[in-house]
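Working notes, structure below.
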Amino acid sequence: MRSLRIEMALQSGAWVLPASGDIAVYRPHIGDDLSALPMARVVVLTGFKPDHDHFAALGYRVAAVGQFATALICVPRAKAQAHALLAEACLSLRPGAVMAVDGQKTDGVEAVLKDCKGLGLELGEAVTKGHGRLATVPADRRLLIWAAQDHLVDGFVTRPGVFSADGPDHGSVMLAQALPMDLRGRIGDLGAGWGYLSRAIMARPRVTHVDLVEAEVAALDCACRNVPDPRAQFHWADARSFRPEKLWSAVVMNPPFHNGREADPALGLAFIRAAQKGLAPDGVLWMVANRHLPYEPVLRELFRSVEVVQADGSFAVTRAAYPVRA
Numbered sequence: 001m002r003s004l005r006i007e008m009a010l011q012s013g014a015w016v017l018p019a020s021g022d023i024a025v026y027r028p029h030i031g032d033d034l035s036a037l038p039m040a041r042v043v044v045l046t047g048f049k050p051d052h053d054h055f056a057a058l059g060y061r062v063a064a065v066g067q068f069a070t071a072l073i074c075v076p077r078a079k080a081q082a083h084a085l086l087a088e089a090c091l092s093l094r095p096g097a098v099m100a101v102d103g104q105k106t107d108g109v110e111a112v113l114k115d116c117k118g119l120g121l122e123l124g125e126a127v128t129k130g131h132g133r134l135a136t137v138p139a140d141r142r143l144l145i146w147a148a149q150d151h152l153v154d155g156f157v158t159r160p161g162v163f164s165a166d167g168p169d170h171g172s173v174m175l176a177q178a179l180p181m182d183l184r185g186r187i188g189d190l191g192a193g194w195g196y197l198s199r200a201i202m203a204r205p206r207v208t209h210v211d212l213v214e215a216e217v218a219a220l221d222c223a224c225r226n227v228p229d230p231r232a233q234f235h236w237a238d239a240r241s242f243r244p245e246k247l248w249s250a251v252v253m254n255p256p257f258h259n260g261r262e263a264d265p266a267l268g269l270a271f272i273r274a275a276q277k278g279l280a281p282d283g284v285l286w287m288v289a290n291r292h293l294p295y296e297p298v299l300r301e302l303f304r305s306v307e308v309v310q311a312d313g314s315f316a317v318t319r320a321a322y323p324v325r326a
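Shown next, in the form of structure tokens:
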């Protein structure tokens, strides 16, 4: 529906593109159709590797920063992240420029637009379609009050928009406590986030190397600060397709299971398969997941030994050893 709102806004004059200059599109997702915009002028800005690679494969320019004539903000679910994107766009736009702010009502676009009004900004005429809304917002320096600020939580640096930005989630805490002190060798941390589990891994003295694999660049930036250990190597990559230079003796992970607001167990299953392929023949997977997720059949298919080592009403920590080779 984003594509329809863009088309309607352009056709009605609610969003008028400047005659020249690049158009920044912040945080679009796989499946978003940007064809209503002139492709030669579009620059996609996203820190999420699967989205980055998707739009690059379609032929779009992708970048981290730049100077632009106008911008489209694809509103994310986290309000603090949405605010930060507007502040970032404000700095990247020419004086007097406007940006289009678009999103679903379920992702909070109306609240974000209301917050813009609360700063005293005059919004353009809104376009409503498909349970979403698009409206233009001036690139006013009052937006800079929302610039992203790192937070220090229990000794860890986090940032708006990263998973569990307010502190470690319960499942990760359970997994960190369950890791054996004799964990050793080369370890993979798939979906490493801002580094909570890797710091626990590094506390095991026989660990020689840790690959922190994370798709969200903001989270990986935090991890670099949270795990200042020479044994750590940081990878901006999609964990589902990542392969290590040398096979791991263990993988530690708390895999995602949501795609937007929708539960998507296929994400976790893809992480399990990636772990199985990256492990040495005698390797061990340490994983935490919600108990209701249907992971056990695939774990038993891909590993010779599977046991739940810790569980409560919500989460289970599983140890899966000896990956099956085809």
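First residue of the sequence shown: 1, per the working numbering; consecutive thereafter.
Note that beta-carbon positions come from the ideal geometry of N, C-alpha and C, so glycine has one too.
I'd like the list of long-range same chain contacts for residue i, defined as Cβ closer than 8 Å, with 5 residues on each side in sequence excluded.
i: residue 206; result: 182, 183, 184, 185
i: residue 30; result: 50, 51, 54
i: residue 236; result: 49, 214, 215, 217, 220
i: residue 62; result: 43, 44, 45, 46, 52, 55, 56
i: residue 14; result: 8, 124, 125, 126, 127, 134, 135, 136
i: residue 36; result: 3, 6, 7, 10
Rounded to whole angstroms, what is the Cα-Cα separation between residue i and residue j?
i: residue 314; j: residue 217; result: 29 Å
i: residue 126; j: residue 8; result: 10 Å
i: residue 109; j: residue 279; result: 42 Å
i: residue 169; j: residue 249; result: 25 Å
i: residue 98; j: residue 137; result: 6 Å
i: residue 233; j: residue 240; result: 18 Å
i: residue 231; j: residue 190; result: 16 Å
i: residue 94; j: residue 122; result: 18 Å
i: residue 284; j: residue 166; result: 30 Å
i: residue 34; j: residue 3; result: 6 Å
i: residue 5; j: residue 264; result: 26 Å
i: residue 154; j: residue 294; result: 33 Å
i: residue 18; j: residue 59; result: 22 Å
i: residue 243; j: residue 274; result: 8 Å
i: residue 204; j: residue 187; result: 11 Å
i: residue 101; j: residue 256; result: 27 Å
i: residue 328; j: residue 225; result: Residue numbering for the chain in the displayed model covers 1 to 326; residue 328 lies beyond these limits and cannot be assessed.
i: residue 64; j: residue 304; result: 43 Å
i: residue 246; j: residue 210; result: 11 Å
i: residue 114; j: residue 78; result: 15 Å
i: residue 80; j: residue 238; result: 24 Å
i: residue 130; j: residue 326; result: 46 Å
On the CB-based measure, 16 or more other CB atoms within 10 Å of its CB, does residue i come out buried or exposed?
i: residue 177; result: exposed
i: residue 208; result: exposed
i: residue 312; result: exposed
i: residue 198; result: buried
i: residue 128; result: exposed
i: residue 38; result: exposed
i: residue 227; result: buried
i: residue 180; result: exposed
i: residue 11; result: exposed
i: residue 132; result: buried
i: residue 323; result: buried
i: residue 32; result: buried
i: residue 252; result: buried
i: residue 72; result: buried
By Cβ distance, which residues of its chain are closer than 6 Å to residue i, with the 5 residues on each side in sequence left out?
i: residue 223; result: 192, 194, 195, 212
i: residue 41; result: 22, 23
i: residue 171; result: 254, 288, 315
i: residue 75; result: 82, 103, 107, 109, 112
i: residue 269; result: 298
i: residue 229; result: 202
i: residue 150; result: 157, 159
i: residue 119; result: 142
i: residue 277; result: none
i: residue 140; result: 121
i: residue 68; result: 22, 24, 92, 93
i: residue 291; result: 316
Could you please give me the residues that DSSP links to residue i through a beta bridge?
i: residue 248; result: 279
i: residue 290; result: 315
i: residue 61; result: 43
i: residue 181; result: Answer is none; residue 181 lacks a bridge partner.
i: residue 214; result: 236
i: residue 295; result: Looking at the DSSP assignment, residue 295 forms no beta bridge with any residue, so it has no partner.
i: residue 74; result: 102
i: residue 310; result: 317
i: residue 188; result: 211, 251
i: residue 305; result: 321
i: residue 257; result: In the DSSP output, where bridge partners are listed per residue, residue 257 has none listed.
i: residue 156; result: 153
i: residue 328; result: A query on residue 328 cannot be resolved here, the shown segment of the chain reaching from 1 to 326 and no further.
i: residue 197; result: Paired residue(s): none; residue 197 is not in a bridge.
What residues in its chain sit with their C-beta under 7 Å from that of residue i, if we drop five residues either side in the sequence?
i: residue 299; result: 272, 306, 318, 320
i: residue 116; result: 123, 137
i: residue 27; result: 46, 74, 76, 85
i: residue 146; result: 83, 84, 86, 87
i: residue 174; result: 288, 310, 315, 317
i: residue 282; result: 322
i: residue 200; result: 176, 179
- Task: Counting only runs of 3+ residues fully inside the segment 102-142, write out the beta strand (DSSP E) ranges in chain order.
- Result: If we require 3 residues or more, the beta strand (DSSP E) runs fully inside the segment 102-142 come out as 127-129, 132-138.
- Task: Can you check the segment 9-34 for any beta strand (DSSP E) of at least 3 residues that lies completely inside it and give the ranges in chain order?
- Result: Listed in chain order, they are 23-26.
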